[in-house]
Amino acid sequence: MADGIQISFSDDVTPALAEAPQRIQQAVQAVVQQTADKAFSRIQNRTPRDSGEAASGWRKRQEVPGEGSARTVIENDVAHINVLEYGSYPVIPASRKRTKGGGILRGNAYVGGNYKPGPRTIPAPGGTPEMLRPGNVSRQAPRGMVRVTLQEIQPEYVFDLEEAIDRALNTEDPV
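Quick note on numbering: the sequence shown equals residues 116 to 290 in the numbering used here.
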């Protein structure tokens, strides 16, 4: 066919696409693991070190909930870790403070000290932390360690994940 038009369609891309799900899954798992490692390190570094007990209490463990998936759990079971993350209890409105009971003023409330919690006091997730001594207030991590790290690392995670998936889909530069 010398003077005509010839169009050919081919499925050359099919073999590369067949491997794409595995490459994407491996890329996502690698990013999740790297992000968990970064988060663990940052949380541990942000934990106050008065005695070193809270900072050394962080543990990281791997779980395999299902086939082809993995999960990293970061935990700390030190008795006062909630105090460091969320602040001390009890919390009373500044207007209720009539006697010397200790604590520090944060906004319109006193935290810590020798007060009974008000009726609308909301405990920290995981239960009310045990007070180690009257007036025990976290002044070193006023915004927490975990919440700050997760807020900071979330945009990095999304960026790294998008890049890893793009690389996994690019057949010329596999992960």
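Ideal Cβ placement from N, Cα and C applies to all residues, glycine included.
Own chain residues within Cβ distance below 6 Å of residue i, not counting five before or after
i: E245; result: Bear in mind that the predicted position of E245 carries a pLDDT of just 48, short of 50, making it too unreliable to give a figure here.
i: F155; result: K175, I189
i: N191; result: G172, W173
i: D118; result: none
i: T162; result: A169, A170, M260
Through-space distance from residue j to residue i, alpha-carbon basis
i: G259; j: E267; result: 12 Å
i: S166; j: E182; result: 41 Å
i: L265; j: V179; result: 22 Å
i: R248; j: I196; result: With a pLDDT of 45 at R248, under the threshold of 50, the modelled position of that residue is not reliable, and no figure is offered here.
i: V261; j: T150; result: 13 Å
i: I120; j: Q269; result: 53 Å
i: I139; j: F124; result: 27 Å
i: P130; j: V147; result: 27 Å
i: L132; j: I122; result: 23 Å
i: E200; j: D281; result: 36 Å
Residue(s) in a DSSP beta bridge with residue i
i: V188; result: R176
Own chain residues within Cβ distance below 7 Å of residue i, not counting five before or after
i: Q144; result: A185
i: I158; result: W173, I189, M260, V261, T264
Helix, strand or coil at residue i according to DSSP, with G and I counted as helix
i: S123; result: coil
i: E278; result: helix
i: N160; result: helix
i: A169; result: helix
i: D152; result: helix
i: A194; result: coil
i: E267; result: helix
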